[in-house]
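Encoded as structure tokens, the structure appears first; notes follow it.
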Amino acid sequence: MDSNALQIVGNDRFAKLIGARIVKAEPGYAVVEMKVSDKHMNGLNMVQGGAIFTLADYAFAVASNNSGNITVGINVNISYLKSPAGSCLSAEARETYSGRKISHYNVDVFDEDGELVASVKATGYRKK
589 MDSNALQIVG NDRFAKLIGA RIVKAEPGYA VVEMKVSDKH MNGLNMVQGG
639 AIFTLADYAF AVASNNSGNI TVGINVNISY LKSPAGSCLS AEARETYSGR
689 KISHYNVDVF DEDGELVASV KATGYRKK
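Counting from 1 along the sequence shown, just add 588 to a position and that's the residue number in our numbering.
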């Protein structure tokens with residue numbers, strides 16, 4: 589991973605707060621994981637949607653900022669597909685389009701059993 593990009597995404601204090609960690613990072617691609625604990629649960633004792641969203645958003649940030657361009661999200665849509673099983677979630681982000689200023693990513697979130705629990709479409713804006 590590009591050292592400048594690593595510093596940027598490594599300084600994400602909210603990702604640290606939820607326990608997200610980078611597993612793999614390449615330009616336009618990333619995998620991040622999060623161990624599920626009690627702090628991630630909602631009142632129904634299910635993983636809170638915001639925790640799943642944050643994990644997916646962090647995967648998008650790692651993948652989109654690893655090409656040497658500072659990229660910020662300008663639109664993110666998530667579909668929650670099922671309640672996750674197990675004690676670990678992973679998010680895999682893949683670049684689907686890369687323009688001069690705009691980029692698009694698909695992010696899939698999987699539970700410990702490898703089941704797809706959320707699907708995300710993210711648009712990034714590359715800053716100068």
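We put the CB at the ideal spot given by N, CA and C, even for glycine.
Exercise for the section: Report yes or no: do the segment 625-633 and the segment 693-705 share at least 3 C-beta pairs separated by less than 8 Å? Expected result: no
Practice task
Using beta-carbon positions only, say whether residue 649 and residue 611 come within less than 9 Å of one another.
Solution key: Indexing the sequence shown from 1 puts residue 649 at position 61. Indexing the sequence shown from 1 puts residue 611 at position 23. The answer is no: Cβ separation not under 9 Å.
Handout entry: Which of helix, strand or coil DSSP assigns to residue 653
Key = Residue mapping note: residue 653 aligns to position 65 of the sequence shown, counting from 1. Helix at residue 653.
Exercise for the section: Could you spell out the range, first to last residue, of the alpha helix (DSSP H) harbouring residue 603? Expected result: In the sequence shown, residue 603 corresponds to position 15, counting from 1. 601-606 is the extent of the alpha helix (DSSP H) around residue 603.
Problem - First through last residue of the beta strand (DSSP E) which encompasses residue 704 - result: If you number the sequence shown from 1, residue 704 lands on position 116. Element bounds for residue 704: 704-715.
Handout entry: Complete runs of the beta strand (DSSP E) confined to the segment 609-667 [at least 3 residues]
Key = 617-623
Practice task
List the endpoints of the continuous beta strand (DSSP E) containing residue 671.
Solution key: Residue numbering aside, residue 671 sits at position 83 when the sequence shown is read from its first letter. Here residue 671 belongs to no beta strand (DSSP E), and DSSP marks it neither H nor E.
Practice task
Kindly identify the DSSP beta-bridge partner or partners of residue 696.
Solution key: Looking up residue 696 in the sequence shown gives position 108. Answer by DSSP bridge pairing, in chain order: 680 and 707.
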